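Residue numbers for the sequence shown follow our numbering, beginning at 2 and rising by one. Cβ atoms here follow ideal geometry from the backbone N, Cα and C, with glycine treated the same way. Note that this is a predicted model, so its numbers are computed, not measured. Shown next, in structure tokens, is the structure this report addresses.
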Amino acid sequence: EFHLTGEGELSKNSIMMRISRAQRLVAQARSFSTVGFVGLGQMGYRMAANLAKTSEIEVYDVNDSSSKSLADSSQGVSVSESIAKLASNTTIVTMLPGPEQVNSVYYGDDGLFANAEAGTVFIDCSTTGPKPAISLYEDAKNKNFEFLDAPVSGGVGGAEAATLSFMVGGDSKAFSSSLPILEKMGKNIKHCGGAGMGQVAKICNNLVLAITMIGTNEGYNLALKYGMDPKVISDIFNTSSSQSWSTGYIGVPGTKDYDTGFKISLMAKDLGLAMEAAQEVDAVVSLGEGATSMYKELDASPESNKDFSYVLEHIKSLSSKEE
């Protein structure tokens with residue numbers, strides 16, 4: 002029994018309200034501290050490492066060495082023996098190469114959907130295109146899960162520094178509740194609309210990125226063929242109307258390390274998704290078609306694992322053949 006015996010003492014109702022609030026805070030803290038993470042490639046590894054700075058996380062990757070490396074270098078990281086076991090987490094982030102890998106992780110008897118509990122929040126940061134994301138959202142809803150498509154932009158550097166841009170599609174309530182997770186990995190986080198809208202934003206972004214990267218390097222190649230100092234033309238591009246993310250990313254042409262960064266194979270995949278999406282809604286993407294053709298050609302070459310800015314070397318080789 003609780004009694005009011007003097008000023009400053011609490012009633013039973015007041016105490017029960019405080020207990021209830023404490024329980025909600027504990028539940029909320031648990032939802033943000035028990036995070037599963039699937040996919041530890043160049044991006045996923047760094048994103049998971051940032052999550053691990055403030056959360057207990059459980060990770061899984063087909064490459065066991067990546068999981069073990071992260072666990073060895075970061076406190077609070079445990080390695081899951083399977084996707085099915087990792088599905089017990091209340092929030093699960095996936096960062097995978099494309100639609101095929103996403104389907105294999107989410108579906109099947111050993112997949113996430115078959116083994117997660119109702120109420121689980123899924124945040125897929127892979128780039129899949131809008132149609133697969135909408136299907137995942139609908140299937141998640143049928144199983145009483147929450148699902149957000151949340152592809153990213155910012156490259157390996159952004160993943161490392163936790164300054165990624167997240168383009169998020171899905172229910173606004175799920176978006177709001179997931180913000181504390183996303184904010185540990187990124188800086189610019191935008192709710193783009195309903196299911197699939199994050200994917201729409203991402204493929205449009207990468208379509209523009211590919212076009213500007215090619216255009217920038219065609220300009221560089223022209224200047225270099227006239228014998229212009231690479232640093233001079235780089236300074237001009239970065240302080241004039243041709244300035245873009247691509248000009249800053251390339252730096253001085255010919256000095257870029259092509260062995261790290263956003264792979265040609267991934268850009269070719271994303272452009273393919275953009276072309277499919279454009280066809281769905283009958284959108285004109287003439288420059289995008291040209292960019293897709295060039296990156297598909299590079300993807301079929303031995304250089305497919307190089308950074309997508311390697312297109313400069315491809316343009317140089319094309320110019321040489323035409324001489």
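As assigned by DSSP and simplified to three states, the class of residue i
i, result
"tyrosine 108", "coil"
"serine 178", "helix"
"glycine 171", "coil"
"leucine 149", "strand"
"glycine 45", "helix"
"glycine 187", "strand"
"aspartate 140", "helix"
"arginine 31", "Low confidence applies here, because arginine 31 scores a pLDDT of 42, under 50, leaving its location unreliable; read the following figure in that light. Helix, per DSSP."
"tyrosine 259", "coil"
"serine 1", "For residue 1 there is no data in the structure shown, the boundaries of the chain being 2 and 324."
"lysine 264", "strand"
"serine 302", "coil"
"aspartate 283", "coil"
"proline 133", "helix"
"glutamine 200", "helix"
"serine 320", "helix"
"valine 253", "coil"
"lysine 86", "helix"
"lysine 232", "helix"
"tyrosine 227", "coil"
"serine 294", "helix"
"glutamine 244", "coil"
"glycine 99", "coil"
"lysine 270", "helix"
"histidine 315", "helix"
"serine 66", "helix"
"alanine 275", "helix"
"serine 127", "coil"
"threonine 164", "coil"
"alanine 72", "helix"
Nearest-angstrom Cβ-Cβ length linking residue i and residue j, presumed shorter than 8 Å
i, j, result
"serine 266", "serine 321", "Going by Cβ atoms, the distance from serine 266 to serine 321 rounds to 24 Å, so no, they are not a contact pair."
"glycine 99", "lysine 270", "5 Å"
"methionine 276", "asparagine 207", "Rounded, the Cβ-Cβ distance is 11 Å, inconsistent with contact."
"glycine 289", "leucine 272", "7 Å"
"alanine 211", "asparagine 51", "Not a contact, Cβ separation roughly 27 Å."
"proline 231", "valine 209", "Contact flag wrong, Cβ pair sits at about 25 Å."
"glutamate 147", "phenylalanine 167", "That belief does not hold up - the Cβ atoms of glutamate 147 and phenylalanine 167 are roughly 16 Å apart, past 8 Å."
"aspartate 308", "glycine 262", "3 Å"
Buried or exposed by the 16-neighbour rule on C-beta atoms within 10 Å, applied to residue i
i, result
"threonine 256", "exposed"
"tyrosine 221", "buried"
"glutamate 2", "Because glutamate 2 carries a pLDDT of 40, less than 50, the predicted location of this residue cannot be relied on, and no value is offered for it."
"lysine 264", "buried"
"glutamine 200", "buried"
"arginine 31", "Residue confidence for arginine 31 is low, a pLDDT of 42 falling below 50, so the modelled location carries little weight and cannot support an answer."
"glycine 158", "exposed"
"alanine 28", "Reliability of the predicted coordinates at alanine 28 is poor, the pLDDT of 47 falling under 50, and no value is obtained from them."
"glycine 37", "buried"
"aspartate 258", "exposed"
"lysine 203", "buried"
"glutamate 281", "exposed"
"proline 303", "exposed"
"valine 78", "buried"
"glycine 187", "buried"
"alanine 88", "buried"
"aspartate 283", "exposed"
"valine 233", "exposed"
"serine 241", "exposed"
"aspartate 260", "exposed"
"alanine 301", "exposed"
C-beta neighbour in chain C for residue i, strict 8 Å
i, result
"phenylalanine 176", "Any reference to chain C falls outside this structure, which holds one protein chain only."
Strand pairing of residue i, partner residues [DSSP]
i, result
"histidine 192", "Val169"
"threonine 92", "Val36 and Val122"
"valine 209", "Answer is none; valine 209 lacks a bridge partner."
"tyrosine 61", "Val39"
"serine 79", "Glu59"
"aspartate 308", "Lys264"
CA nearest to the CA of residue i, picked from the options
i, options, result
"glycine 195", "Asn189, Glu118, Ser136 and Tyr107", "Ser136"
"leucine 274", "Arg47, Tyr108, Ser127 and Asp111", "Ser127"
"asparagine 80", "Asp65, Ile124, Asp258 and Met44", "A quick correction: the sequence has valine, not asparagine, at residue 80. The shortest C-alpha separation from valine 80 is found at Asp65."
"asparagine 143", "Ile190, Thr121, Cys193 and Ser179", "Thr121"
"glycine 155", "Leu288, Ser287 and Gly45", "Gly45"
"glycine 42", "Thr95, Asp73 and Leu223", "Thr95"
"aspartate 73", "Ala53, Val285, Tyr107 and Ile251", "Ala53"
"threonine 92", "Leu223, Leu183 and Met198", "Leu183"
"alanine 49", "Leu225, Leu97, Ser178 and Gly170", "Leu97"
"asparagine 90", "Ser318, Ile58, Val233 and Gly249", "Ile58"
"glycine 170", "Glu298, Asn116 and Asp150", "Asp150"
"asparagine 218", "Trp246, Cys205, Gly112 and Gly197", "Trp246"
"aspartate 110", "Ile215, Ser243, Ser83 and Lys226", "Ser83"
"aspartate 62", "Gln76, Thr35 and Val106", "Val106"
Cβ-heavy atom distance, residue i to the ligand NAP, below 7 Å
i, result
"valine 103", "This structure lacks the ligand NAP; in fact it carries no ligand of any kind."
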